[in-house]
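> This structure is in structure tokens; I'll ask about it shortly.
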Amino acid sequence: MKRSALPTLALSLLTTAALAEGGFYGDPPDATHPWAIHDMNRPQPVRVEPGTFSSQEKPGTPPSDAIILFGGKPEEIEKWISDKNGEPTKWVVKDNVLQCVPGSGYIRTKEEFSDCQLHIEWSAPSKVEGNSQGRGNSGVFLMGQVEVQVLDNYNNPSYPDGMASSIYGINPPMANPLRAPGEWQSYDIVFRRPIFKDGKEIDPGYITVFVNGVLTQDHTPLEGGGGHMRRSKPRAFPDQGPLKIQDHGNPVRFRNIWYRPLPKRAVDGGEYSRMSEEATAAKRAEIAKGIREDATKLEGNAKMLRLFESLCYAENAEAKEFALAAVNDFVAAMKAVPADKIESKKGEIMQVTKALRYLAQFKILAEEPAAKQELEAIIKANDWEPKKK
Ligand code: MG
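For the sequence shown, our numbering assigns the number 393 to the initial residue and increments by one for each residue that follows.
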């Protein structure tokens with residue numbers, strides 16, 4: 393077997409085992425992790441149909457859940473307005489491309505949003521005019537607040553904190569992967585707004601940028617909005633804002649503009665692997681309730697095991713009482729099975745015992761139920777446990 397095949401195989405074995413076990417598999421929830429390791433109660437990730445990558449000749453397609461801000465249709469200009477006065481913009485759509493008309497002012501989307509994955513492609517004029525900040529200058533303003541610089545820096549040095557994909561006035565890009573003027577450049581941006589509570593910064597907000605597939609900003613913390621010549625200070629942003637594109641006097645062109653809203657961060661009440669103790673307790677109670685509800689649709693051992701599983705997330709006297717009574721009934725029934733028929737019950741007995749072992753190992757129940765010892769005795773008498781090497 394090739395070495396590279398091993399991790400995939402190990403992963404698929406784990407997944408199959410987790411599915412077969414239901415719960416009682418990986419380490420249980422704790423004070424800051426509402427889910428167990430490999431928890432099948434955890435929601436499956438939302439299905440998204442991926443899009444296609446762009447070529448110079450043709451823009452790609454967005455993923456299925458993207459919100460399109462400009463996809464090449466002339467009528468999509470109506471999603472944008474003049475930032476100056478809210479009137480229809482004088483920017484134009486030519487050959488399915490949105491183009492800045494110098495002197496007409498910034499544009500902004502009618503739509504407002506905040507944390508997002510943003511994709512935007514731009515092309516500086518192929519006729520090179522000017523230098524430094526005067527050449528193919530525009531800018532993408534997330535929430536209308538912070539500029540990811542658009543600038544033709546192909547063989548065109550400028551101040552680094554104002555170069556293409558800099559967080560303008562805050563942080564230079566880590567690299568300059570620009571193509572020649574006239575060619576299409578793509579920005580893939582992950583934006584997280586600053587979060588303030590009671591005037592205190594909880595999270596500075598971050599921007600990550602890939603330029604033509606090359607990482608140029610790696611989770612760069614924001615310091616306010618940035619700006620020209622003046623050092624900006626951390627500050628709260630509004631809850632939402634428009635996307636703005638700059639008119640800096642150059643006829644820069646844009647295509648294939650879309651975004652995907654991002655789920656909330658843990659600091660903002662989002663559901664992450666690690667959460668605050670308070671949020672974890674609330675989530676564990678919610679998960680336990682869902683499992684108990686699921687158990688009402690089940691019968692027999694399946695119902696009993698599901699109720700035991702719910703106790704891994706939150707205590708519940710009724711669920712515990714029902715499950716303990718059910719496991720006692722199960723033991724009584726197994727003890728009544730004639731010795732020559734007991735082999736047919738091996739699967740059930742092993743499954744229930746594994747669950748009880750898990751509950752004991754992680755001290756989920758205050759006391760180990762007597763049923764566990766009785767089932768262990770049946771397993772030992774029948775020599776069902778694989779011998780330890
Ligand atoms: Mg600019």
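Glycine included, every Cβ here is placed at the ideal spot set by N, Cα and C.
Assign I429 to one of three DSSP states: helix, strand, or coil.
Here residue 429 refers to the residue found at position 37 when the sequence shown is read from its first residue. Note: I429 maps to coil in three-state DSSP.
> Can you find at least 3 beta carbon pairs, one from the stretch 607-626 and one from the stretch 513-525, that sit closer than 8 Å?
No, because fewer than three Cβ pairs between the stretch 607-626 and the stretch 513-525 fall closer than 8 Å, the two stretches do not touch.
> Determine the contact status of A423 and A673, defining contact as a CB-CB distance below 9 Å.
Position 31 of the sequence shown, counted from the start, is the residue given in the question as residue 423. Position 281 of the sequence shown, counted from the start, is the residue given in the question as residue 673. Yes.
> Quick one: measure Cβ to Cβ for N547 and N642, integer angstroms, because I've assumed they're closer than 8 Å.
As a working mapping, residue 547 is identified with position 155 in the sequence shown. As a working mapping, residue 642 is identified with position 250 in the sequence shown. Not confirmed; about 16 Å, so no contact.
> Look at the alpha carbon of R782 and the alpha carbon of G561, and state the distance between them as a whole number of angstroms.
Residue 782 cannot be examined here, being either before or after the span of the chain that is shown, 393 to 781.
> G617: beta carbon under 8 Å from a heavy atom of the ligand MG?
Locating residue 617 in the sequence shown gives position 225, counting from the first residue. For the ligand MG, not one heavy atom lies less than 8 Å from the Cβ of G617.
> From K465, I469 and Q491, pick the residue whose C-alpha is nearest to that of G574; which is it?
Translated into the one-based positions of the sequence shown, residue 574 becomes position 182. Closest option to G574, Cα to Cα, is Q491.
> Buried or exposed for A397, please, with buried defined as at least 16 other CB atoms from any protein chain shown within 10 angstroms of its CB.
Counting from 1 along the sequence shown, the entry for residue 397 is found at position 5. For A397, the pLDDT reaches just 42, beneath the cut-off of 50, and the residue's location in the model is therefore unreliable, although a value from the coordinates is still provided. Classification of A397: exposed, given that the 10 Å Cβ count is below 16.
> K695 and A718: beta carbons closer than 9 Å?
Along the sequence shown, one-based indexing puts residue 695 at 303. Along the sequence shown, one-based indexing puts residue 718 at 326. Against a cut-off of 9 Å, the Cβ pair of A718 and K695 comes out as a contact.
> Using the three-state DSSP reduction, which class does V532 fall into: helix, strand or coil?
Indexing the sequence shown from 1 puts residue 532 at position 140. Strand at V532.
> Is DSSP giving E615 helix, strand or coil here?
For the purposes of this step, residue 615 is taken as residue 223 along the sequence shown, with counting starting at 1. Residue state, collapsed to three classes: strand.
> Does the separation of the CB atoms of V601 and S557 fall below 9 Å?
The sequence position of residue 601 within the sequence shown is 209, counting from 1. The sequence position of residue 557 within the sequence shown is 165, counting from 1. Against a cut-off of 9 Å, the Cβ pair of S557 and V601 comes out as a contact.
> For L403, count the other beta carbons within 10 Å of its own beta carbon; 16 or more makes it buried, fewer makes it exposed. Which is it?
Locating residue 403 in the sequence shown gives position 11, where the first residue counts as 1. Low confidence applies to L403: its pLDDT is 46, below 50, so where it sits in the model is not reliable enough to give any reading.
> Go ahead and label K764 buried or exposed: buried means 16 or more other beta carbons lie within 10 angstroms of its beta carbon, across all protein chains shown.
Translated into positions along the sequence shown, residue 764 becomes position 372. With 16 or more Cβ atoms within 10 Å of its Cβ, K764 is classed as buried.
> Go ahead and pull the three-state DSSP assignment for E441.
In the sequence shown, residue 441 corresponds to position 49, counting from 1. Note: E441 maps to coil in three-state DSSP.
> What residues match up with S456 in a beta bridge as DSSP calls it?
Within the sequence shown, numbered from 1, the residue matching residue 456 stands at position 64. S456 is not bridged to any residue.
> Among K746, I756 and A731, which one has its Cα closest to the Cα of L703?
Position 311 of the sequence shown, counted from the start, is the residue given in the question as residue 703. Residue I756 is the option with its Cα nearest to L703.
> Per DSSP, what kind of secondary structure is Q509 in: helix, strand or coil?
As a first step, residue 509 is located in the sequence shown; it is residue number 117 there, counting from the start. Of the three classes helix, strand and coil, the one that applies to Q509 here is strand, per DSSP.
> Could you say which of W576, F722, D553 and I459 lies nearest to G692 if we only look at CA atoms?
Translated into the one-based positions of the sequence shown, residue 692 becomes position 300. Comparing Cα positions, the closest option is F722.
> Cutting at 6 Å between CB atoms, please list the residues of its own chain near I469, excluding the five before and the five after it.
As a working note, residue 469 is residue 77 in the sequence shown. Same-chain partners within the cutoff: V485.
> Return yes when at least one heavy atom of the ligand MG lies under 8 Å from the C-beta of V538, else no.
To locate residue 538, count along the sequence shown from 1; it is residue 146. No.
> Any heavy atom of the ligand MG inside 8 Å of the beta-carbon of H640?
Residue mapping note: residue 640 aligns to position 248 of the sequence shown, counting from 1. Within the cutoff, so yes.
> Less than 7 Å between C-beta atoms, sequence neighbours within five positions excluded: which residues of the same chain meet that for L716?
For the purposes of this step, residue 716 is taken as residue 324 along the sequence shown, with counting starting at 1. Contacts found: P761.
> Reducing DSSP to helix, strand and coil, say where K486 ends up.
Taking the sequence shown and counting its residues from 1, one reaches residue 486 at position 94. K486: strand per DSSP, three-state reduction.
> Given G661, which residues of its chain have a CB within under 8 Å of its CB, disregarding the five upstream and five downstream residues?
As a position in the sequence shown, residue 661 is number 269, starting the count at 1. Cβ within range, chain order: A671.
> Taking Cβ to Cβ, would you say G414 is nearer than 9 Å to R645?
Translated into positions along the sequence shown, residue 414 becomes position 22. Translated into positions along the sequence shown, residue 645 becomes position 253. No, the Cβ-Cβ distance between G414 and R645 is not below 9 Å.
> Per DSSP, R645 forms a beta bridge with which residues?
Walking along the sequence shown from the start, residue 645 turns up at place 253. Paired residues: Q491 and S515.
> For P426, which of E766, D686 and E678 has the nearest alpha-carbon?
If you number the sequence shown from 1, residue 426 lands on position 34. Nearest C-alpha to P426: E678.
> Any heavy atom of the ligand MG within a distance shorter than 8 Å of the CB on V601?
The count along the sequence shown starts at 1 and reaches residue 601 at position 209. Flag unset: Cβ of V601 not near the ligand MG.
> Any heavy atom of the ligand MG closer than 8 Å to the beta-carbon of V484?
Here residue 484 refers to the residue found at position 92 when the sequence shown is read from its first residue. The answer is no for V484.
> Would you say I559 and Q609 are within 9 Å of each other, going by their C-beta atoms?
Here the question's residue 559 lines up with position 167 in the sequence shown. Here the question's residue 609 lines up with position 217 in the sequence shown. It is a contact, given that the beta carbons lie within the stated cut-off.
> When burial is assigned at 16 or more other CB atoms within 10 Å of the CB, is T680 buried or exposed?
Taking the first residue of the sequence shown as 1, we reach residue 680 at position 288. The question names Thr, but residue 680 in the sequence shown is Ala. Classification of A680: buried, given that the 10 Å Cβ count is 16 or more.
> At a cut-off of 8 Å, would you count G522 as near the ligand MG, judging by its Cβ distance to the nearest heavy atom?
Within the sequence shown, numbered from 1, the residue matching residue 522 stands at position 130. Not under cutoff, so the answer is no.
> Whole angstroms are fine: how far does the CA of K675 sit from the CA of L635?
For the purposes of this step, residue 635 is taken as residue 243 along the sequence shown, with counting starting at 1. For the purposes of this step, residue 675 is taken as residue 283 along the sequence shown, with counting starting at 1. Roughly 34 Å separates the two Cα atoms.
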